[in-house]
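Data block below; observations after.
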Amino acid sequence: MKILLMGNPNVGKSVIFSRLTGVHVVASNYPGTTVGYTRGVMKLGEETVEVIDVPGTYTLEPTCEAEEVASQMLDTGDVVINVVNATNLERNLYLTLQLLERDIPVVVALNMWDDTKHRGIHIELDKLRELLGVPVIPTVAVTGQGIKELMENIPRATSPDTLVRSRDERWAAIGNIIDQVQRVTHRHHTWFERLEDASVKPLTGGIIALAVLAGSFMLIRLIGESLISYGLDPLFNTLWAPVLLRLSDLLGGSGFLHDIVIGKIASGEVNFIESFGLLSSGLYVPLAMVLPYVIAFYLVLGLLEDIGYLPRLAVLMDTIMHRLGLHGYAIIPTLLGFGCNVPAILATRILESKRERFIAATLISIAVPCAALQAMIFGLVGERGGQYVAIVYGTLFVVWIILGIILNRFARGFSPELLIEIPPYRLPSWRAVLQKLWMRAYGFLVEAIPIILGAVLVINILYILRVFDVIANFTAPVVT
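Numbering (this note's numbering), first residue to last: 53 to 532.
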């Protein structure tokens, strides 16, 4: 059996997928997190079934790449779990009615059920089940509420005989359903909702954006430097350095193998930055210099994602990004690039046109420093003072702007206007934030450590073979 998780963007499909399968995917409080699809398996009774997290779509009439993937995958499934945002039932039911018109069993997961109480929304579940003709299960994906009941109702998924409607007929049917099942009570706006409104207005939103970005970078630097100074640096110096010194004695204190594995040791001490051995600099640089900033960055990013701030930043940045041939949503993969360029470039898939994806990927590759480069900037330039760090970042920003303007002028294709759903602010789930932090940090280590070890090995061999001396002598007339 193949189960498809389908629903509008940002309704919690990926969280439900993780709950059902145990496969961890990046789930955040902004639309477009899932662009490709993710597969997993789960036990349903005695049967092992396949579960697929389908990209979010508003309709089965595709208007973008993600909706095209979702529409094509519907033909391959045996059962659909339609994940619906309980706080926005009217909009979500359009896709539900389209699914009911297809000959495939459906069960509805009415997600974010806890938010309905906070927003004064009352939904008659029994009446909704009767009108749709399929099981409707209230769920709260982030806490796991309702997931067990959802699994129990998958075998009861039904495919009611529903006539194919036109677009206008569907909206009329949705209006009729809403009138019968939903009641909204009046309540006053909370300060949280006032903050939501203020953060997308040009004046107040700009002030909030500057405060958020400045605070984020200060927090990233504070966390990164604290992890290095009070954690990893003492760990390497007190525990790992004696191991290397002992190994150095076993290798004779010098020689080809010693220089490759341990590197240079001066006065009986290991200088982890300058020794340049596989087990010294090769491990110290990624683990003690870069990883702390990666952890700090992805922790802050995860909080901003789950709070729901990034779509608001995208709206504020839309005018500037249009000058570069992009729309505001491109700020999300750009921010990801400050952690690692690889997932950032993969994240450009959320952009609609090939032209946008090309421009964004080029700008990220050239002008957005990843965590490894930022660690070098803070470590090497930061010693001279904060103003020099500001000069480096300012230079990169100017390059980013100028290169973007050039690419916008000469790259062929089109950049569509920004149409983005802005989710409500939510208190982040620490479980989800730490889960994403672990996934991203682990991915960085898997990618970075082999590359750094390989680079250290090659450089050591070239140094021992005196290739660098030849290069230095050859270029001396030019660089001196």
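Backbone N, C-alpha and C fix where the C-beta goes; we use that ideal spot for every residue, glycine too.
This structure is a prediction, so every number in the text was calculated from the model and none was measured.
Below 8 Å on the Cβ atoms is my contact criterion, and I expect residue i with residue j to pass it. Report the Cβ-Cβ distance as a whole number of Å.
| i | j | result |
| --- | --- | --- |
| Val322 | Ser306 | Not really, about 14 Å apart at Cβ, beyond 8 Å. |
| Leu330 | Leu517 | Not confirmed; about 17 Å, so no contact. |
| Gly377 | Met369 | Not really, about 13 Å apart at Cβ, beyond 8 Å. |
| Phe390 | Ala340 | Actually they do not touch by this definition, with Cβ atoms about 20 Å apart. |
| Ala493 | Leu343 | 7 Å |
| Gly64 | Val135 | 6 Å |
| Arg71 | Ala193 | 6 Å |
| Ala250 | Gly257 | 7 Å |
| Thr115 | Asp105 | Actually they do not touch by this definition, with Cβ atoms about 20 Å apart. |
| Phe244 | Tyr477 | 5 Å |
| Met53 | Glu99 | 7 Å |
| Ile384 | Ala399 | 7 Å |
| Leu455 | Ala413 | Rounded, the Cβ-Cβ distance is 12 Å, inconsistent with contact. |
| Arg246 | Tyr146 | The pair is not a contact, with the Cβ atoms about 30 Å apart (cut-off 8 Å). |
| His310 | Ser319 | Contact flag wrong, Cβ pair sits at about 16 Å. |
| Leu103 | Ile156 | In the sequence on display, residue 103 carries Val and not Leu. About 15 Å; that fails the 8 Å criterion. |
| Ile189 | Val216 | Rounded, the Cβ-Cβ distance is 26 Å, inconsistent with contact. |
| Asp178 | Ala138 | Not really, about 15 Å apart at Cβ, beyond 8 Å. |
The beta strand (DSSP E) with residue i in it runs from where to where?
| i | result |
| --- | --- |
| Leu162 | 158-163 |
| Gln234 | 234-236 |
| Met58 | 54-59 |
What span of residues does the alpha helix (DSSP H) with residue i cover, start to end?
| i | result |
| --- | --- |
| Val394 | 393-399 |
| Met341 | Run containing Met341: none; DSSP gives neither H nor E here. |
| Pro385 | 383-389 |
| Pro363 | 362-375 |
| Ile173 | Ile173 -> not in any alpha helix (DSSP H); beta strand (DSSP E) instead, spanning 173-175. |
| Tyr494 | 482-516 |
| Tyr477 | Run containing Tyr477: none; DSSP gives neither H nor E here. |
| Leu72 | 65-73 |
| Gly334 | 333-336 |
When the Cα of residue i is compared with those of the options, which residue comes out closest?
| i | options | result |
| --- | --- | --- |
| Gly465 | Phe69, Pro475, Asn137, Ile411 | Ile411 |
| Ala423 | Val394, Gly437, Glu404 | Val394 |
| Ile230 | Leu141, Ile206, Leu265, Ile429 | Leu141 |
| Arg143 | Ser251, Lys179, Ala225, Ser66 | Ala225 |
| Val186 | Gln197, Thr148, Leu72 | Thr148 |
| Leu96 | Thr191, Glu201, Leu152 | Glu201 |
| His374 | Leu425, Trp292, Leu297, Leu459 | Leu459 |
| Ile511 | Val93, Ala463, Val313, Arg222 | Val313 |
| Tyr345 | Gly283, Glu120, Arg483 | Gly283 |
| Ile68 | Leu126, Pro157, Val188, Gln197 | Gln197 |
| Val444 | Leu425, Arg461, Gly456 | Leu425 |
| Leu291 | Ile275, Tyr336, Glu245 | Tyr336 |
| Cys392 | Tyr440, Leu184, Arg219, Pro338 | Pro338 |
| Ala427 | Val216, Asp249, Ala463, Ile347 | Ile347 |
| Thr191 | Met164, Leu398, Leu215, Pro212 | Met164 |
| Ser218 | Ser281, Val508, His241, Glu153 | Glu153 |
| Lys169 | His238, Leu262, Ile317, Thr414 | His238 |
| Arg181 | Ser211, Pro421, Asp155, Asp166 | Ser211 |
| Glu277 | Phe430, Ile523, Phe526 | Phe430 |
| Thr371 | Lys179, Ala524, Val252 | Val252 |
| Ile317 | Pro475, Ala524, Leu297, Ala419 | Leu297 |
| Pro502 | Ala419, Thr447, Gly334 | Gly334 |
| Ser481 | Glu473, Leu497, Ala507, Gly360 | Gly360 |
| Leu415 | His241, Thr386, Asp155 | Thr386 |
| Glu248 | Leu514, Tyr515, Ile474, Val522 | Ile474 |
| Asp213 | Gly495, Leu514, Gln150 | Gln150 |
Kindly say whether residue i, judged by its beta-carbon, lies nearer than 8 Å to any beta-carbon of chain B.
| i | result |
| --- | --- |
| Val252 | In summary, chain B is missing from the structure at hand, where a single protein chain is found. |
ask   = Does the segment 58-78 come close enough to the segment 99-115 to have 3 or more Cβ pairs within less than 8 Å?
value = yes
query = Does the count of Cβ pairs from the segment 424-440 and the segment 395-406 closer than 8 Å reach three?
reply = no
request  = Mind listing, in chain order, the continuous alpha helix (DSSP H) runs of no fewer than 4 residues lying wholly within the segment 94-150?
outcome  = 117-125
task = Please list the segments of the beta strand (DSSP E) lying wholly inside the segment 241-324, counting only runs of 3 or more residues, in order along the chain.
result = none
task = Please determine if the segment 122-140 and the segment 196-210 are in contact, where contact requires at least 3 C-beta pairs separated by less than 8 Å.
result = yes
key: Stretch-stretch touch, CB-based, cutoff 8 Å, three pairs: the segment 347-364 with the segment 436-454   = no
query = Is there contact here, the segment 350-359 with the segment 470-489, by at least three beta-carbon pairs under 8 Å?
reply = yes
ask   = Contact between the segment 233-247 and the segment 173-192: three or more CB pairs below 8 Å?
value = yes
ask   = Could you give the uninterrupted runs of the alpha helix (DSSP H) lying entirely in the segment 184-229, keeping only those of 4 residues or more?
value = 199-205
task = Note down, one range per segment and in chain order, each alpha helix (DSSP H) of at least 4 residues found wholly within the segment 394-467.
result = 406-419, 423-428, 438-462
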